[in-house]
Amino acid sequence: MAVDEKVNTPLLDELEKGPWPSFVKEIKKAQSVGPMATDLLGQLELSYEDKIGHWKHGGIVGVLGYGGGVIGRYSDVPDKFPHVAHFHTLRVNMPSGWFYSTEALRTLCDIWDRHGSGLTNMHGSTGDIIFLGTRTEELEPCFAELTQAGFDLGGSGSCVRTPSACVGPARCEWACYDTLKMCYEITMAYQDELHRPPFPYKFKFKFSGCPNDCVASIARADLSVIGTWKDEIQQDDEAVRQYAAEGLDIQRDVVERCPTRCMSWDGEKLTIENRECVRCMHCINVMPKALSPGKERGATLLIGAKAPIVQGALLSSVLIPFVPEDELLETIKELTDRVWDFWDEYGMNRERVGELIQRVGMANFLDAIGLDPTPEMITAPRDNPYIFFREEEGEEEESEA
Amino acid sequence: MAEKPKRITDIGPPHYQKFLPPIIKENYGKWKYHERLGPGVMVHVSEAGAKCYTVRCGSPRLLSTKTIRFLAELADKYCGGYLRFTSRNNVEFLMDSPDNIEALKKDLADAGFPVGGTNNAISNIVHTQGWVHCHSSATDASGIVKCVMDALYERFTHEDLPAKLRIALACCLNMCGAVHCSDIAILGVHRRPPRILHESLRKVCEIPTLIASCPTGAIRPKTIDGQQTVEVVEEQCMYCGNCYTVCPAMPLNDPENDGLSIWVGGKVSNARSEPKFSKLAIPYLPNNPPRWPEVVQAVTKIVEVYAANARKYERMGEWIERIGWPRFFELTGIEFTRYHIDDFKHAGLTYHRSAHIRM
Ligand code: SF4
Ligand code: SF4
Ligand code: SF4
Ligand code: SF4
Numbered sequence: 001m002a003v004d005e006k007v008n009t010p011l012l013d014e015l016e017k018g019p020w021p022s023f024v025k026e027i028k029k030a031q032s033v034g035p036m037a038t039d040l041l042g043q044l045e046l047s048y049e050d051k052i053g054h055w056k057h058g059g060i061v062g063v064l065g066y067g068g069g070v071i072g073r074y075s076d077v078p079d080k081f082p083h084v085a086h087f088h089t090l091r092v093n094m095p096s097g098w099f100y101s102t103e104a105l106r107t108l109c110d111i112w113d114r115h116g117s118g119l120t121n122m123h124g125s126t127g128d129i130i131f132l133g134t135r136t137e138e139l140e141p142c143f144a145e146l147t148q149a150g151f152d153l154g155g156s157g158s159c160v161r162t163p164s165a166c167v168g169p170a171r172c173e174w175a176c177y178d179t180l181k182m183c184y185e186i187t188m189a190y191q192d193e194l195h196r197p198p199f200p201y202k203f204k205f206k207f208s209g210c211p212n213d214c215v216a217s218i219a220r221a222d223l224s225v226i227g228t229w230k231d232e233i234q235q236d237d238e239a240v241r242q243y244a245a246e247g248l249d250i251q252r253d254v255v256e257r258c259p260t261r262c263m264s265w266d267g268e269k270l271t272i273e274n275r276e277c278v279r280c281m282h283c284i285n286v287m288p289k290a291l292s293p294g295k296e297r298g299a300t301l302l303i304g305a306k307a308p309i310v311q312g313a314l315l316s317s318v319l320i321p322f323v324p325e326d327e328l329l330e331t332i333k334e335l336t337d338r339v340w341d342f343w344d345e346y347g348m349n350r351e352r353v354g355e356l357i358q359r360v361g362m363a364n365f366l367d368a369i370g371l372d373p374t375p376e377m378i379t380a381p382r383d384n385p386y387i388f389f390r391e392e393e394g395e396e397e398e399s400e401a
Numbered sequence: 402m403a404e405k406p407k408r409i410t411d412i413g414p415p416h417y418q419k420f421l422p423p424i425i426k427e428n429y430g431k432w433k434y435h436e437r438l439g440p441g442v443m444v445h446v447s448e449a450g451a452k453c454y455t456v457r458c459g460s461p462r463l464l465s466t467k468t469i470r471f472l473a474e475l476a477d478k479y480c481g482g483y484l485r486f487t488s489r490n491n492v493e494f495l496m497d498s499p500d501n502i503e504a505l506k507k508d509l510a511d512a513g514f515p516v517g518g519t520n521n522a523i524s525n526i527v528h529t530q531g532w533v534h535c536h537s538s539a540t541d542a543s544g545i546v547k548c549v550m551d552a553l554y555e556r557f558t559h560e561d562l563p564a565k566l567r568i569a570l571a572c573c574l575n576m577c578g579a580v581h582c583s584d585i586a587i588l589g590v591h592r593r594p595p596r597i598l599h600e601s602l603r604k605v606c607e608i609p610t611l612i613a614s615c616p617t618g619a620i621r622p623k624t625i626d627g628q629q630t631v632e633v634v635e636e637q638c639m640y641c642g643n644c645y646t647v648c649p650a651m652p653l654n655d656p657e658n659d660g661l662s663i664w665v666g667g668k669v670s671n672a673r674s675e676p677k678f679s680k681l682a683i684p685y686l687p688n689n690p691p692r693w694p695e696v697v698q699a700v701t702k703i704v705e706v707y708a709a710n711a712r713k714y715e716r717m718g719e720w721i722e723r724i725g726w727p728r729f730f731e732l733t734g735i736e737f738t739r740y741h742i743d744d745f746k747h748a749g750l751t752y753h754r755s756a757h758i759r760m
């Protein structure tokens, strides 16, 4: 290639120093793949000098028949750095739980070395494999090779974004449902909605196996699925005593940290008032050998989390307190369809489901999707008297009297 | 050449079961408990007594295919040809015996990959694209992450904090990633209203959509030289960038005024206290590449004060709730300003309406 591989980057070179692995070294390693990495270094160095990004507002590029999965990106200094004039990203749907065979990883690398910069993110914020930087004409051939190898693109734009799941039953004793399976099934069920954006804005599913919520579903997913249990915490008294014998201060570090103070410890026996337990996981996290989630497992469904754009950040709130594991997939699908129907009809442009609920009110939203209100949905009943009574209800009562 | 293969679409991701190592497949859903064996190393024990050893190492997230091939080589050498990544961009090597742990750790150390990030350590920073790939960034992402993790390296390779500590970085208010519920969030901010490129606005933007995009109603229609365009009521602008997302002719990037803000005390886990948002600690720090000394110093200081003062199992936000915000500002030496007082939609919820005051 006619590119000078020794582009001068004194500022970026500072980021090769220090003990943490360096992304600058990674970009330099990709110089052997092709000229893109060298021009990326050049442009990034310019950003470090100017303190400003040098990418233009995205352009619409993609693969045939899909409305997402590719983020178009063009340099605003293409004359200086022609090899990153186009620097589009492909989002490749990762396998549930981010497990790979080395064979699959090498296949991905081979494809990307042939069609792109040789740079990736493992992984992007939503969980996809990110192929970082290629030209428009490489998109279709790259996609063809990916699908040949059994991979498909992830979501971008106003679509179902690539669902993600915690490691779950694959390597975690606390998984209260099969997060990997659920993530896979939902991803497969909504391929059309994932690849062809049909909504007012994006919609995310995230699957965490227990209330530790390792994939941040309560902060990031429009539909958060968080594993939990209905019966009692499983308890091995001998193992509890063992923790105590090994020096764990059960009174201070477990009992007094329980948010509902539903435990007591007499130095011999740990007693849990399971009716009062809110399934927070603390005691189980501290004593994994002695305590574990109950046997009647399933998940809590919560709705509406999002980052600040547009109307402010929201955490998801409870929609269904407990769904048994064997009913989970069907319940999620049914509920999702009803939520989408309502959102399709009433959602404004770029309005996430959580914002729609804020705007129309949770009670109206529940009516629309056909769910009965339950006290688990709120932290407290309203404290203002401005109630919109409905006429029919008053009338019905009168006619019954 | 051979005939063109048929175009395949909508196949979804590969089935995850193809990629599970035997030790995982055999014990899927049958794990009983786990134990920590030191920073970055754990063992999970199944009901049948089988053991899965995990070695976790940090990565810069931005990986060359060369490095991925290198990690694959290690997985071939020690793990029967499988590996996984975590939700925070760490790499995990899974083994059915402890025999190779030390050899693997040594290979990782030789290649510059730190082992750690488990339990009460700082895990890897989740972050966004920054100047490497995004058009709306107020700052770089990978660069700051590198500098902060260089400074907090020992906190990754040791499990010596009171509790978990999760740091996240987003380079604009779009916040790709869950930064708004992190123990410490580093957030790129703009501080001046968008510049309006009237010429291109007419060509590339729909004015009604643009006006509707502004959450504060700061954008108004305007006619200049008989041409339809918009104006921004500057006092109403909070530099959120919504307008820029829908209209490329409203850029906010500004090398002089863009910078970083620091937020603290958020969490997503339900353990003990409920999940919570991160709250503003420092409204603005200068954007100072290549090593961002102000940001590194601020984050390090917050971590050190937390480490010295929080009780065991107290996350950043739980610690601050116990000691109170006045004490947090006092201990960290961070100045409390008018910017810390909320004035957006639900501002009143954070006014202190009681006489409970620590003197
Ligand atoms: S969310 Fe719970 S089940 Fe899933 S990996 Fe984390 S601790 Fe395990
Ligand atoms: S799970 Fe949480 S609420 Fe339940 S007993 Fe344990 S510490 Fe208490
Ligand atoms: S946080 Fe903002 S600037 Fe950073 S990658 Fe996301 S959209 Fe781009
Ligand atoms: S930056 Fe935000 S507040 Fe300012 S004009 Fe644009 S949309 Fe409105």
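If you're matching them up, the sequences are chains A and B in order.
Quick note on the numbering used here: the first sequence kicks off at 1 and runs consecutively.
Quick note on the numbering used here: the second sequence kicks off at 402 and runs consecutively.
Even for Gly, the Cβ is constructed at its ideal location relative to N, Cα and C.
- Interface criterion not met: the Cβ of I233(A) is under 9 angstroms from no Cβ in chain B.
- Nearest C-alpha to S465(B) among M94(A), S22(A), E185(A) and K29(A): K29(A).
- Fully contained in the region 226–282 of chain A are the following alpha helix (DSSP H) runs of length 4 or more, in chain order: 237–245.
- Those residues whose C-beta sits under 5 angstroms from the nearest heavy atom of ligand 3 are, from N- to C-terminal order along the chain, T529(B), Q530(B), C535(B), S537(B), S538(B), A571(B), C572(B), C573(B), N575(B) and C577(B).
- If you draw a 10 Å sphere on the C-beta of N121(A), you find 16 or more other C-beta atoms in it, and that means buried.
- Here the residues close to ligand 4, judged by CB distance below 7 angstroms to any of its heavy atoms, are P594(B), P595(B), S614(B), C615(B), P616(B), T617(B), A619(B), I620(B), V633(B), Q637(B), C638(B), M639(B), Y640(B), C641(B), G642(B), N643(B), C644(B), Y645(B), M651(B) and L653(B) in chain order.
- L750(B) counts as exposed, since fewer than 16 other beta carbons sit within 10 angstroms of its beta carbon.
- Boundaries of the beta strand (DSSP E) around W432(B): W432 to R437.
- Exclusion of the five residues before and after D128(A) leaves R91, V92, N93, M94, G154 and T162 as the residues of its chain whose Cβ lies within less than 7 angstroms of its Cβ.
- Cα atoms of L248(A) and Q242(A): separation of roughly 9 angstroms, rounded to the nearest angstrom.
- If you look at R556(B), you'll find it in the alpha helix (DSSP H) that goes Y554 to T558.
- When C-alpha distances from T701(B) are compared across E657(B), I663(B) and V669(B), the shortest belongs to I663(B).
- A contact is defined here as three or more CB-CB pairs under 8 angstroms, and the region 608–623 of chain B fails this definition with respect to the region 565–574 of chain B.
- Relative to ligand 1, C280(A) has its C-beta separated by 8 angstroms or more from all heavy atoms.
- For A709(B), the number of other beta carbons within 10 angstroms of its own is below 16, and it is reported as exposed.
- 9 angstroms or more divides the Cβ of A299(A) from the Cβ of R338(A).
- Note that the region 480–493 of chain B does not touch the region 541–555 of chain B; fewer than 3 beta-carbon pairs, one per stretch, sit closer than 8 angstroms.
- Secondary structure within the region 464–507 of chain B: the alpha helix (DSSP H) runs of 4 or more consecutive residues, fully enclosed, are 466–480 (chain order).
- With fewer than 16 other Cβ atoms inside 10 Å of its own Cβ, E137(A) counts as exposed.
- Judged by beta-carbon spacing, S601(B) lies beyond the 9 angstroms limit of N525(B), meaning their Cβ atoms are not closer than that value.
- Taking the C-beta atoms as reference points, R556(B) is found no nearer than 9 angstroms to D584(B).
- Annotation: the region 88–131 of chain A contains the following complete segments of the alpha helix (DSSP H) (minimum length 4 residues), in chain order: 102–115.
- In this structure, T228(A) has its CB at a distance of at least 8 angstroms from all heavy atoms of ligand 1.
- G118(A) reaches chain B at S465, T466 and K467, counting residues in chain order whose Cβ is nearer than 8 angstroms.
- The alpha-carbon of A149(A) is positioned some 44 angstroms away from that of P616(B).
- When beta bridges are read from the DSSP output, Q31(A) appears opposite no residue.
- Apart from the 5 residues on each side of it in sequence, P423(B) sits with its Cβ closer than 8 angstroms to the Cβ of G481 and D497 in its chain, given in chain order.
- Bounds of the beta strand (DSSP E) holding P622(B) are I620 to I625.
- Taking 7 angstroms as the cut-off between beta carbons, the residues of the region 206–235 of chain A near chain B are P211, N212, D213, C214, V215, A216, I218, A219 and R220, in sequence order.
- Taking C-beta separations shorter than 8 angstroms and ignoring five residues to either side along the sequence, the partners of A512(B) in its chain run F471, following chain order.
- Around the beta-carbon of Y479(B), 16 or more other beta-carbon atoms lie within 10 Å, marking it buried.
- Using a Cβ-Cβ distance cut-off of 8 angstroms, the region 107–126 of chain A and the region 501–515 of chain B are not in contact, since fewer than three pairs of beta carbons, one from each stretch, lie closer than that value.
- Only residues of its own chain outside the window of five on either side were considered, and among them L139, E140 and F143 have a CB closer than 6 angstroms to the CB of V63(A), listed in chain order.
- Nearest C-alpha to M760(B) among E731(B), Y417(B), N689(B) and P415(B): E731(B).
- K680(B) is bridged by DSSP to V665(B).
- Cβ-Cβ distances below 8 angstroms link G347(A) to F199, P200, Y201, V353 and L356 in the same chain, with the five nearest sequence neighbours on each side left out; the list follows chain order.
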